[in-house]
Structure formats: C-alpha cells, structure tokens
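S.K.:
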Amino acid sequence: RELVTMNLHRGELYVCNLSIKPSIFTKQLLQYIQILDIASLLFTRELSAHDLMTFLAAIVDRDRQYDPAFKLSEYLRGQRIATIEVNSERSFELFERRKLYRGEVESDYSVRRLALDQIGNDPVQLARIFNADETVLLAMGVDFAHDIIAYLVPERLVAIQPEDFVKAAEEIRRQSNADVTFDMLMAMASAHPRAAEITRLLAADATETTVVGTQPTSEATVPEGTPEAVVRDMMDPLNAESPEAFTDSFVRLLNTGRIKAAADTVRQLVSRLSNPEVVERQKGLELLTAVIEQFTPATPTEVTAAVRIAVQQQLAAGNETFEYAEVIRALFTRLLQQNCWPELAELCRTLQEFREQQGGVTTYSSLAVKKALEQVNRTDLIELAIDKLVKAKGEETGQVRVVLGTIGSEDV
Numbered sequence: 004r005e006l007v008t009m010n011l012h013r014g015e016l017y018v019c020n021l022s023i024k025p026s027i028f029t030k031q032l033l034q035y036i037q038i039l040d041i042a043s044l045l046f047t048r049e050l051s052a053h054d055l056m057t058f059l060a061a062i063v064d065r066d067r068q069y070d071p072a073f074k075l076s077e078y079l080r081g082q083r084i085a086t087i088e089v090n091s092e093r094s095f096e097l098f099e100r101r102k103l104y105r106g107e108v109e110s111d112y113s114v115r116r117l118a119l120d121q122i123g124n125d126p127v128q129l130a131r132i133f134n135a136d137e138t139v140l141l142a143m144g145v146d147f148a149h150d151i152i153a154y155l156v157p158e159r160l161v162a163i164q165p166e167d168f169v170k171a172a173e174e175i176r177r178q179s180n181a182d183v184t185f186d187m188l189m190a191m192a193s194a195h196p197r198a199a200e201i202t203r204l205l206a207a208d209a210t211e212t213t214v215v216g217t218q219p220t221s222e223a224t225v226p227e228g229t230p231e232a233v234v235r236d237m238m239d240p241l242n243a244e245s246p247e248a249f250t251d252s253f254v255r256l257l258n259t260g261r262i263k264a265a266a267d268t269v270r271q272l273v274s275r276l277s278n279p280e281v282v283e284r285q286k287g288l289e290l291l292t293a294v295i296e297q298f299t300p301a302t303p304t305e306v307t308a309a310v311r312i313a314v315q316q317q318l319a320a321g322n323e324t325f326e327y328a329e330v331i332r333a334l335f336t337r338l339l340q341q342n343c344w345p346e347l348a349e350l351c352r353t354l355q356e357f358r359e360q361q362g363g364v365t366t367y368s369s370l371a372v373k374k375a376l377e378q379v380n381r382t383d384l385i386e387l388a389i390d391k392l393v394k395a396k397g398e399e400t401g402q403v404r405v406v407l408g409t410i411g412s413e414d415v
C-alpha cells in the first residue's frame, strides 16, 4: 500500500479501516494515543526505521504525555519527519471514504479482496482508475500500489457487460466537465475479453461523439508482460523457471475472461506430449499437470474439455507416450476430488472408446488409457465415488455410475 492509516473510532483501533482485535499491545497503544489526543495517524510508504523509532519514543515518553503544550505533529515536523501525519485531513478523509471491516469476524482480508473493494465495479470509475497514475489513485482514495491495481482491474472488467460500457459512454457525454473521457473508456474496453463487441456497440451509440479510442488488441498480438506472453514464454522447453509463474498466469487468463487463450494453451501443451524429444514432453507434462491442479467446479468447461478432446485426438492418431497416461490420471483424479462429475463422466466416456470388452476379456487400443485406468483404480478414489453415488440425485447418479463403470474395479 502507498499509505497505512491508523484511526481511533468509537473506542476501537482501526488499521487500514480494519478493526484490530483488542490485546495487551493494542490497549497500551490506545492509551498512548488517547492521552496525546490523537484520533488519526497516517504513515507513508517512505517511512524509515528511524522515523518510526522517533515516533514511538515520543508517544511513550511520560514527560511529553502529560505536557499540555506538547503537540506530536509539531514535534515530528521539528524532527523533519514527513512520513507520519497526525490528525491530518488526508488521514480522516481516507478513513471516512472507505469501507470498514470487522477484524474479529473471520473473512477474507487479502490484498486482492481489499484492493478489489477499493476499485469497485462502476465502469466510469474503472475507466478513471484504468488510466490513472499513483497520484490520481491516491486522490481517488485508492492507496494500493499502482502495479497491484493495474493487475486487478482486468479481473474486475470481466464482470462488466458490453451494454454497461454504452451506459457509461452516455453518462460521460452528459457530464460536460467529466474527468473521464470517451477515449479513456475505449482504452479500458480494449482490455476486455469482448473488446470487439464493445467497440461495435460504442461506435453505433456514438451519435454525438466521434469514436477515436484505442482499437481492441488483436488476438495475434501478445504484448510483453501480459498473461498470454508469460504463458508463451514458459512453454519454451528451455525455460528453467518453476511452473508456479506459469500457473499464476494461466489462472489469470481465466480470471480475466480469456477462455479461448486458456483452451488454446492446454491444447498446445497436450500436443507437446507427442514430441519425440524427451525434454519437450517432460516440460509439457510438468506444465499441464500444474494447470490441471488449478481446475475447480468454477473452471469453464471449454478448458477442461480442451484437455480431454486434445488427448482423445492424439491417442486416436496413434501418438502414444507415457506422458499421456500421466495426464489422464491427473485429470481424472482432480475432477473426482473437486466433484466435477459432468466433466469426469465425459472423460470416462472418452476413455471407454479405447477399451473393448468381449467374453469377459478386456482389451485396450491405447496403452496410455490402460495404464491411466490402472493408476486411478485406487481405494480412496473409489470410496469418494461410491460416497457420491449414495448422495447423488437425478442426472448426477448416472454420471457417477459411468465413472465407477470406467474404473472397472473388483471393489465396485
């Protein structure tokens, strides 16, 4: 954060608008600041250890505490400390403008959640933030670092429908002195997954305003530093970076609505499992299994289906490698553990295409499928499926039966 505020409100201590659970430390701190008639403190990012030690020494000094002429703000100015503000207008304003959080209530107080709360979801406000530097952000009451805000704004954009951009454009036109221009709205629209559609709507709606703004980014153009660029670079078999950066960027593709890019990515990874070079195959396997570990019921079906269909196509073409068995096992296990039954049932139907049963004898046209099914024939996975079968209703019952039938375990 650029700033940290500390406020006394109704006898409670708030840090960055989050109430702090009372403790021996906080009670003592409250006593010190109340004696000195302090209601609000603000610390800037440039705060040094020397500045903090000078501040703490001043508030615990008994002589100063009971000296009616002592003013902490004047003392800090005398010490040439500009990184701490006492009862300043800015510190009060930030506290009053932002949402209050109850720290004693269990909830998500992560940087991501708090920053998204400050960003909001109003298109005009987002356009203002999207084009703002750190100074403008602070003036708007957004005190998180510019890099964090720039990272999160695209995620917030996904929830805004194209029609909302049209309403925002109309609002901007009604405000003759608006600090958000049509071009600023267009610049933000270019980062939206449905940028082309938004541009068409805005162009059709702009009867009084010439559409000049930024054109949508072409899917063929991948700017450096974007999630797509990181994903592309990480798929290089010579890239020695850990898969964490890759999975972070892949998840960001999903969070920012770039579903097509995410699906294309897993297809590319699957195709690498057929490469004759071991290094290439192992890199693809490492990244693909890392991606699969991120799958949840909220993951778009286009992405999970992309893995399944790509594997099916490669195996049908006779491109058998050990890595395919590992990917099938990883996908099967993850979908089952995450209760993604529709997707898991589809995977099982695909696997059954490579298996034939006649006269009690089972044969496989794919060794990778055979190996994968042997690996998922585990007691823990079977128990999960049986437990689900007992509780399942309607369509889910059939899906679970397909899964158990595919495993084909004697335990079933």
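Per our numbering, the very first residue in the sequence shown carries number 4; after that it's consecutive. We put the beta carbon where it would ideally sit given N, CA and C, even for glycine.
Is DSSP giving S110 helix, strand or coil here?
M.R.: Counted from its first residue, the sequence shown places residue 110 at position 107. If DSSP states are grouped into helix, strand and coil, S110 belongs with coil.
S.K.: Less than 8 Å separating the beta-carbons of L39 and Q68?
M.R.: Taking the first residue of the sequence shown as 1, we reach residue 39 at position 36. Taking the first residue of the sequence shown as 1, we reach residue 68 at position 65. Contact flag set, yes.
S.K.: For N342, which of E326, G106, Q317 and K394 has the nearest alpha-carbon?
M.R.: By one-based count along the sequence shown, residue 342 stands at place 339. Per the Cα distances, K394.
S.K.: Which same chain residues, not among the five before or five after V18, have their C-beta less than 6 Å away from its C-beta?
M.R.: Working through the sequence shown from its first residue, we reach residue 18 at position 15. These residues qualify, in order along the chain: M9.
S.K.: Under a Cβ-count criterion, where at least 16 other Cβ atoms within 10 Å of its own Cβ denotes burial, should E296 be classed as buried or exposed?
M.R.: The residue you call residue 296 lines up with position 293 of the sequence shown. It is exposed - the Cβ of E296 has fewer than 16 other Cβ atoms within 10 Å.
S.K.: Mapping DSSP to helix, strand and coil, what is R358?
M.R.: Within the sequence shown, the letter at position 355 stands for residue 358. Residue state, collapsed to three classes: strand.
S.K.: Which residue spans inside the segment 316-390 form an unbroken beta strand (DSSP E) run of at least 3?
M.R.: With a minimum length of 3 residues, the continuous beta strand (DSSP E) runs that stay inside the segment 316-390 are 358-361 and 364-367.
S.K.: Reducing DSSP to helix, strand and coil, say where M9 ends up.
M.R.: By one-based count along the sequence shown, residue 9 stands at place 6. The answer is strand: DSSP assigns M9 an E or B state.
S.K.: With a CB to CB cut of under 7 Å and the five nearest residues on each side skipped, what residues in its chain are close to G401?
M.R.: Numbered from 1 along the sequence shown, position 398 holds the residue referred to as residue 401. Here the set comprises nothing.
S.K.: According to the Cβ coordinates, are L129 and V169 closer than 8 Å?
M.R.: Counting from one through the sequence shown, the residue named residue 129 turns up at place 126. Counting from one through the sequence shown, the residue named residue 169 turns up at place 166. Cβ atoms of L129 and V169: not closer than 8 Å.
S.K.: Leaving out the 5 sequence neighbours to the left and right, which residues in its chain are closer than 8 Å to G144 when beta-carbon positions are compared?
M.R.: Here residue 144 corresponds to residue number 141 of the sequence shown, with the count starting at 1. Contacts found: E96, L97, R100, R101 and Q121.
S.K.: Taking the straight line between their C-alpha atoms, what separation do you get for L387 and L354?
M.R.: Numbered from 1 along the sequence shown, position 384 holds the residue referred to as residue 387. Numbered from 1 along the sequence shown, position 351 holds the residue referred to as residue 354. Rounded to the nearest angstrom, the two C-alpha atoms are 20 Å apart.
S.K.: Taking only three categories from DSSP, how would you classify V145?
M.R.: Here residue 145 refers to the residue found at position 142 when the sequence shown is read from its first residue. Looking at V145 - three-state DSSP - the assignment turns out to be coil, as it is neither helix nor strand.
S.K.: Between the Cα of I331 and those of F253, K24, A319 and V379, spot the shortest distance and give me the residue it belongs to.
M.R.: Stepping through the sequence shown from its first residue, residue 331 is reached at position 328. Ranking F253, K24, A319 and V379 by Cα distance to I331 puts V379 first.
S.K.: Within the same chain, show all residues whose beta-carbon is closer than 8 Å to that of Y112, passing over the 5 residues directly before and after it, in chain order.
M.R.: Within the sequence shown, numbered from 1, the residue matching residue 112 stands at position 109. Cβ neighbours of Y112 beyond the five flanking positions: L21, Y104 and G106.
S.K.: Let me know if K396 comes out buried or exposed under the rule of 16 or more other beta-carbons within 10 Å of its beta-carbon.
M.R.: Locating residue 396 in the sequence shown gives position 393, where the first residue counts as 1. Per the 10 Å Cβ criterion, exposed.
S.K.: If we count the other Cβ atoms within 10 Å of its Cβ and call it buried at 16 or more, is E211 buried or exposed?
M.R.: Along the sequence shown, read from residue 1 onward, the residue named residue 211 stands at position 208. No answer about E211 holds up, because its pLDDT of 41 lies below 50 and its placement is not dependable.
S.K.: Sort L392, L339 and V314 by Cα distance to F357 and report the nearest one.
M.R.: Within the sequence shown, residue 357 is the residue found at index 354, counting from 1. Closest option to F357, Cα to Cα, is V314.
S.K.: If you reduce the DSSP assignment to three classes, tell me which class E398 lands in.
M.R.: What you label residue 398 is simply residue 395 of the sequence shown in a count that begins at 1. Residue state, collapsed to three classes: helix.
S.K.: Measure the C-alpha to C-alpha separation of V273 and D136 and round it to an integer number of angstroms.
M.R.: Your numbering for residue 273 matches position 270 in the sequence shown. Your numbering for residue 136 matches position 133 in the sequence shown. So the alpha carbons of these two residues sit roughly 41 Å apart.
S.K.: What ranges does the alpha helix (DSSP H) occupy inside the segment 7-70, keeping only unbroken runs of at least 4 residues that lie completely in it?
M.R.: Complete alpha helix (DSSP H) runs here, min 4: 27-38, 52-63 and 65-68.
S.K.: Judging by CA-CA distance, which residue of A153, L117, R311 and F298 is the nearest neighbour of R131?
M.R.: Within the sequence shown, numbered from 1, the residue matching residue 131 stands at position 128. It is A153 whose Cα lies nearest to the Cα of R131.
S.K.: Pair every Cβ in the segment 323-339 with every Cβ in the segment 281-301, then say whether three or more of these pairs are closer than 8 Å.
M.R.: The answer is yes - the segment 281-301 touches the segment 323-339, with three or more Cβ pairs under 8 Å.
S.K.: To the nearest angstrom, how far is the alpha carbon of I36 from that of V7?
M.R.: Translated into the one-based positions of the sequence shown, residue 36 becomes position 33. Translated into the one-based positions of the sequence shown, residue 7 becomes position 4. Straight-line Cα distance between these residues: approximately 16 Å.
S.K.: Count the other CB atoms, across all protein chains shown, that sit within 10 Å of the CB of H195; report buried if there are 16 or more and exposed otherwise.
M.R.: Residue 195 sits at position 192 when you count from the first residue of the sequence shown. Its Cβ being crowded by 16 or more others within 10 Å, H195 is buried.
S.K.: Take A348 and list the residues in its own chain whose beta-carbon comes closer than 7 Å to its own, dropping the five residues that flank it on each side.
M.R.: For the purposes of this step, residue 348 is identified with residue 345 of the sequence shown, where counting begins at 1. Once the five neighbours on either side are set aside, the close Cβ partners of A348 are Q402, V405 and V406.
S.K.: Span of the alpha helix (DSSP H) holding E280?
M.R.: Taking the sequence shown and counting its residues from 1, one reaches residue 280 at position 277. Premise fails: E280 is in no alpha helix (DSSP H) and is neither H nor E.
S.K.: Roughly how many angstroms lie between the CA atoms of E280 and V310, to the nearest whole one?
M.R.: Locating residue 280 in the sequence shown gives position 277, where the first residue counts as 1. Locating residue 310 in the sequence shown gives position 307, where the first residue counts as 1. Rounded to whole angstroms, E280 to V310 spans 21 Å at the Cα level.
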